[in-house]
Amino acid sequence: MSAQPQPPSDSRPHSRPVKRTRRVTAPQITGRKGGEPIVCLTAYDAPTAEIIDPHCDLILVGDSVGMVVHGLPSTVGVTMDMMIMHGQAVMRGSKTAMVVVDLPFGSYEGTPDTAFASASRVMMETSCQAVKIESGSYAAKTIAYLVERGIPVMSHVGLRPQSMHVLGGFRARGRNQKVADEILRNAVAAAEAGSFAVVVEGVSAEIAERVTKAVDIPTIGIGASPNCDGQILVTPDMLGLFDRVPKFVHKFGNMREQIDASVSQYADEVKSRTFPRAENLYVFKD
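Mapping of the sequence shown onto the working numbering: residues 106 to 391, in sequence order.
This is the structure in structure tokens:
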């Protein structure tokens, strides 16, 4: 008997929202190692957080907000005040997903004391559940310092956007053995220092799988392997808000086209005086 044809991808049943009553915690994320893949997305505002919250295990308030929302050329110009403002908004909109806030460039790389001051301020002012730092060779001592003082840390290896000036731009990492080994060492060091999960960005599937097998914490892939323990994307990228997106992004929506069509219709109706419509008007009552 011949195999039955598979339905097209857009006709597959949608994932149902996860029913939870409490926030997901760092130990729960760590406990997902090797289990059901962890669903993560970014958010920078309350309405987006509210929409994605039932579908996500973890929401990252990423410093990508600088480029996605504020139009900056990189994440380097993002400030603590920006991260706190957007973190507060996401916490207001979300209910049960774990919320992690990026520590911006310059706020944690100096000394562990500096990192603790930054991380504790973010957690106190946003009420988020954890922070994320980009994890170079310097990071293990800082991660351990933060975790010992009650701050859960998600680390980040591979392509590290805050280091784009040193790396020569937003380029995939690990294209030679020396860099691949460095990525693996950084991931292992971050895990041993106490990170509850590690983002692995912009590396080959082979390197992502090596890292996933080498650490006992979940790997969250972005531009890495589907065999990571979870995946994350920048939400406006995957919704199709921008014409150009990184190679690793699949557009699951066409937000740009929908916004353009809606605004075009609005403009036409304003010009033709068909908006406001009758149902949009208040009626005078004597």
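The beta-carbon is built from N, C-alpha and C at its ideal position, and this holds for glycine as well.
These numbers come from a predicted model, not from an experiment.
Please list, in chain order, all residues of the same chain as VAL129 whose beta carbon is under 7 Å from its beta carbon, the five residues on each side excluded.
Around VAL129: ASP162, LEU163, THR201, ALA202 and MET203.
Which residue or residues does DSSP assign as beta-bridge partners of ALA319?
BP columns for ALA319 are empty, so no partner.
Helix, strand or coil for LEU344? Go by DSSP, reduced to three states.
Assignment of LEU344 by DSSP, reduced to helix, strand and coil, places it in the coil class.
I believe ALA131 touches ALA194 by the beta-carbon criterion, under 8 Å. Please report the beta-carbon distance rounded to the nearest angstrom.
At roughly 22 Å, the Cβ-Cβ gap does not stay under 8 Å, so ALA131 and ALA194 are not in contact.
For VAL350, collect the residues of the same chain with a Cβ closer than 6 Å to its Cβ; drop the 5 residues on either side in sequence, then sort them by chain order.
Excluding residues within five positions, the ones whose Cβ falls inside 6 Å are ASP342.
For LEU165, is the classification buried or exposed, using 16 other Cβ atoms within 10 angstroms of its Cβ as the cut-off for buried?
The residue is buried, with at least 16 neighbouring Cβ atoms inside 10 Å.
Validate contact between the stretch 379-391 and the stretch 351-367 using beta carbons, cut 8 Å, 3 pairs:
The stretch 379-391 is not in contact with the stretch 351-367.
Of all the beta strand (DSSP E) runs that stay within the bounds of the stretch 171-253, which reach a length of 3 or more residues?
DSSP runs (the beta strand (DSSP E)) wholly in the stretch 171-253: 203-207 and 235-239.
ARG382, DSSP secondary structure in three states:
It is coil, neither helix nor strand.
Beta-carbon proximity check, VAL339 vs THR147, cutoff 7 Å:
Annotated as proximal: VAL339 and THR147, with beta-carbon spacing under 7 Å.
State yes or no: is the C-beta of ALA296 within less than 7 Å of the C-beta of VAL258?
Cβ distance not < 7 Å, so ALA296 and VAL258 don't count as in contact.
According to DSSP, simplified to helix, strand and coil, what is GLU141?
Three-state DSSP puts GLU141 in coil, outside helix and strand.
Kindly indicate the opening and closing residues of the alpha helix (DSSP H) around ALA148.
Taken as a continuous stretch (DSSP letters only), ALA148 belongs to no alpha helix (DSSP H), as it is neither H nor E.
For the candidate residues TYR371, THR216 and ILE288, whose alpha-carbon lies nearest to that of GLY263?
Proximity to GLY263 across TYR371, THR216 and ILE288 peaks at ILE288, based on C-alpha coordinates.
With a cut-off of 8 Å on the beta carbons, I'd call VAL183 and VAL173 a contact; round off their distance for me.
Not confirmed; about 11 Å, so no contact.
Using only the alpha-carbon positions, how far apart do PRO159 and MET188 sit?
If you take the alpha carbons of PRO159 and MET188, they lie about 23 Å apart.
Classify ARG121 as buried or exposed, calling it buried when 16 or more other Cβ atoms lie within 10 Å of its own Cβ.
Label assigned to ARG121: exposed.
Buried or exposed: which applies to LYS237, given that a residue is buried once 16 or more other Cβ atoms fall within 10 Å of its Cβ?
Result: buried.
Alpha carbon to alpha carbon, how far is TYR250 from MET190?
Pairing TYR250 with MET190, the inter-Cα distance amounts to about 25 Å.
Tell me the residue span of the beta strand (DSSP E) that contains SER260.
It spans 258-263 - the beta strand (DSSP E) in which SER260 sits, taken as one unbroken run.
Go ahead and label MET196 buried or exposed: buried means 16 or more other beta carbons lie within 10 angstroms of its beta carbon, across all protein chains shown.
Around the CB of MET196, 16 or more other CB atoms lie within 10 Å, so the residue is classed as buried.
For HIS270, which residues from the same chain have a beta carbon less than 6 Å from its beta carbon, with the 5 sequence-adjacent residues on both sides left out?
Any reading at HIS270 is ruled out, since the residue's pLDDT is 42, under 50, leaving its predicted position unreliable.
Should GLU314 and ASN332 be called a contact, given that it needs their Cβ atoms to be closer than 7 Å?
Closer than 7 Å, so yes.
Quick one, which of ALA292, ILE143 and CYS233 has its alpha-carbon nearest TYR243's?
Here the closest residue by C-alpha is ALA292.
Pop quiz: SER300 and SER260 are said to be a contact at Cβ under 8 Å. What is the actual Cβ separation, rounded to whole angstroms?
With 8 Å as the limit, SER300 and SER260 qualify as a contact, their Cβ atoms being about 4 Å apart.
C-beta contact flag for ALA245 and ALA294 at 7 Å:
With respect to ALA294, ALA245 sits close: the two C-beta atoms are nearer than 7 Å.
Going along the chain, which residues of its own chain have a beta-carbon closer than 7 Å to the beta-carbon of THR231, five neighbours each way excluded?
Around THR231, the same chain offers ILE189, GLY192, GLN193, MET196 and VAL206 as residues with beta carbons nearer than 7 Å, after the five sequence neighbours per side are excluded.
Can you check DSSP and say which residues form a bridge with ARG337?
Per the sequence presented here, residue 337 reads as Ile, with Arg not at that position. Among the bridge pairs identified by DSSP, ILE337 is matched with CYS145.
Restricting to Cα atoms, I'd like to know which of VAL375, GLY335, ARG125 and ILE312 is closest to ARG137.
Comparing Cα positions, the closest option is GLY335.
Identify, in the order they occur along the chain, each residue of the same chain with its Cβ nearer than 7 Å to the Cβ of SER66, setting aside the five sequence neighbours on each side.
In the structure as shown, the chain begins at 106 and stops at 391. Residue 66 is therefore absent and cannot be evaluated.
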